[in-house]
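**Q** In my numbering, the protein residues as written are 1277 to 1512. A virtual CB, placed ideally from N, CA and C, is assigned to each residue, including glycine.
#1: Note down, in chain order, each residue of its chain lying with its Cβ closer than 6 Å to the Cβ of residue 1375, except the 5 sequence neighbours on either side.
#2: Applying the criterion that 16 or more other CB atoms from any shown protein chain within 10 Å of the CB defines a buried residue, is residue 1296 buried or exposed?
#3: Count the C-beta pairs between the segment 1308-1318 and the segment 1425-1444 that are closer than 8 Å, then say yes if the count reaches three, no if not.
#4: List the endpoints of the continuous alpha helix (DSSP H) containing residue 1354.
#5: Please name the residue in 1359, 1353, 1385, 1396 whose C-alpha comes closest to that of residue 1373.
#6: Classify residue 1395 as helix, strand or coil using the three-state DSSP reduction.
#7: DSSP three-state call for residue 1366: helix, strand or coil?
#8: Rounding to the nearest angstrom, what Cα-Cα distance links residue 1298 and residue 1420 in this structure?
#9: Can you tell me the Cα-Cα spacing of residue 1370 and residue 1331, whole angstroms?
#10: Check whether the Cβ atoms of residue 1360 and residue 1387 sit closer than 8 Å, and answer yes or no.
#11: Looking only at its chain, what residues have a beta carbon closer than 7 Å to the beta carbon of residue 1313, apart from the 5 residues adjacent to it on each side?
#12: What is the DSSP secondary structure of residue 1292, counted as helix, strand or coil?
#13: Can you name the residues that DSSP bridges to residue 1361?
#14: Per DSSP, what kind of secondary structure is residue 1383 in: helix, strand or coil?
#15: Assuming residue 1432 and residue 1291 are in contact, meaning their beta carbons sit under 8 Å apart, how far apart are those beta carbons, in whole angstroms?
#16: Answer yes or no: do residue 1329 and residue 1355 have a C-beta to C-beta separation smaller than 8 Å?
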């Protein structure tokens, strides 16, 4: 019972700790990668947004001056396989979104919003291989959690055996010991333990307690024998 109880608890503790650490690390890695991915996409498309806004403003100035504009921002965005929206062209459900990068369609598309001089711009497009990278990362994190659990289980079995072996040995020795048959017989010695300290102290305490009980039993037996002898002599 002691063997199974202690070892099961140690293995369960190691596996629980490994699972918590693995899940925590996986979640931290996932959210960190999401933040990094969002930052990289925004870092990549921000210069494109600046270029499209500048092209749009130049086209407006040329149109105001009566000149023929070369390119509008939407024309350049179409060449880059992106969608550029200006002012009233923005969709109604984008009105409450703050400026910055946003992801749509379960992360397969992005939306970059920016407000200029009383005019709001939007740039939309696909995120490329972001979804494939996310799926690959999730599989890798799950694999790391599984490998960590297997490694933690093996380590737990080895360490639990080493940690519980002294206590299991002491338990077996105490269970197999019995009171001495004669007055001159002494209790068999308990196993000596140098490490761990707690098991050594427990063994010494058990030995001292048993020795005190044996001494008490011998004194009681000797006293009973003397009283019996003294009572038999006058009666005889």
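**A** Let me lay it out:
#1: 1389, 1390, 1391
#2: By the 10 Å Cβ count, residue 1296 comes out exposed.
#3: no
#4: 1349-1355
#5: Selected option, being the one with the closest Cα: 1396.
#6: Correct three-state label for residue 1395: coil.
#7: coil
#8: 8 Å
#9: The alpha-carbon atoms of residue 1370 and residue 1331 are separated by roughly 23 Å.
#10: no
#11: Excluding its 5 nearest sequence neighbours in each direction, residue 1313 has C-beta neighbours in its own chain below 7 Å: 1406, listed in chain order.
#12: helix
#13: 1398
#14: helix
#15: 6 Å
#16: no
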